[in-house]
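For any residue, its number in my numbering is found by taking its place in the sequence shown, counting from 1, and adding 1460.
Built from N, CA and C at the ideal position, the CB exists for glycine as well.
Just so you know, these numbers come straight off a predicted model, no measurement behind them.
First the structure, in the form of structure tokens, and then the observations on it.
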Amino acid sequence: MKNSRIPMGAMVLALAAVAIVACSKEKTAQQETPAVQQTADPNDLTLAEMADAMSWEDGKAFFENQTVRDYSYVCESVMNDCNDDAKTQGLPYSVSWVWKMPNGMCNSSNPGLCLAIRKKDGSSMQANALGYFEDGKLVIVPVTSDDGFTADGYLVIGAPIEVQYDSIIIQEGIYMAYYDEALGKYSAVAVDYYSEQ
1461 MKNSRIPMGA MVLALAAVAI VACSKEKTAQ QETPAVQQTA DPNDLTLAEM ADAMSWEDGK
1521 AFFENQTVRD YSYVCESVMN DCNDDAKTQG LPYSVSWVWK MPNGMCNSSN PGLCLAIRKK
1581 DGSSMQANAL GYFEDGKLVI VPVTSDDGFT ADGYLVIGAP IEVQYDSIII QEGIYMAYYD
1641 EALGKYSAVA VDYYSEQ
């Protein structure tokens, strides 16, 4: 009887060892399998997260040298006037809602404003924003669900933007967007500009 216990015990130990090795290999294989990376929506980033994730080559220094410009009072004035039928229609613009880095390149991984084209009369180009000149500022109002605002309501422009088919250049900076309580979202932003003429 004792003799049969020893081979039984050895067999149990061998099976246990095989099970442990199999589990260990399965765990290792699971750990080696790369996780599927989901691309994050740039607009889900806060301003601080965007600045923290930025490399020096992409423009981290830009965030250290900028102060936030808050012209939401100008946006509020325009947004209230926009609801009035007497207000003239804003100028249609096609805007690329991605970060323009200080080196002038566009980076679609981050929210911001990179390109602006004023729609010409009769053009088939689609406008995704309206522009209003008010109190020395250009108020940009997105007319689609796309906008370049960070999750906490900032528009970041890393380099001047020459507006095509217009005579203005939008200045770089970090601009606070206007939060529309009725709509429950950031709905406009006022930016500094100067004229080329």
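Exposure of M1565, with buried meaning 16 or more beta-carbon neighbours within 10 Å: exposed
A1637 - partner residues in DSSP beta bridges: V1649
Would you mind reading off the limits of the alpha helix (DSSP H) that contains A1508? 1507 to 1513
Thinking just about the alpha-carbon of each residue, which of A1589, I1634, F1609 is nearest to the one in L1551? A1589
Quick test of the definition: if touching needs 3 or more C-beta pairs under 8 Å, does the stretch 1569 to 1588 touch the stretch 1520 to 1535? no
Can you give the beta carbon distance from V1651 to Q1631, rounded, assuming they're within the 8 Å contact cut? 7 Å
Does the distance from the C-beta atom of V1555 to that of N1570 stay below 8 Å? no
For the alpha helix (DSSP H) containing A1521, list its first residue and its last residue. 1520 to 1524
E1594 - DSSP class collapsed to helix/strand/coil: strand
Is it buried or exposed, A1637, if we count other Cβ atoms within 10 angstroms and call 16 or more buried? buried
CA-to-CA distance, D1626 to Y1531, given in whole angstroms: 22 Å
Could you tell me whether the Cβ atoms of I1634 and Y1614 are closer together than 8 Å? yes
Sheet register partners of C1566 (DSSP bridge): K1560
With a CB to CB cut of under 8 Å and the five nearest residues on each side skipped, what residues in its chain are close to A1511? K1520, F1523
Quick one, are the C-beta atoms of G1572 and G1608 less than 8 Å apart? yes
Short of 6 Å in beta carbon distance, which residues of its chain neighbour I1621, apart from the five on each side in sequence? Order them along the chain. A1576, I1630
Below 8 Å CB to CB, which residues in the same chain sit around M1585 once its five sequence neighbours on both sides are set aside? S1554, I1577, K1579
What are the partner residues of L1551, as DSSP defines its beta bridges? G1591
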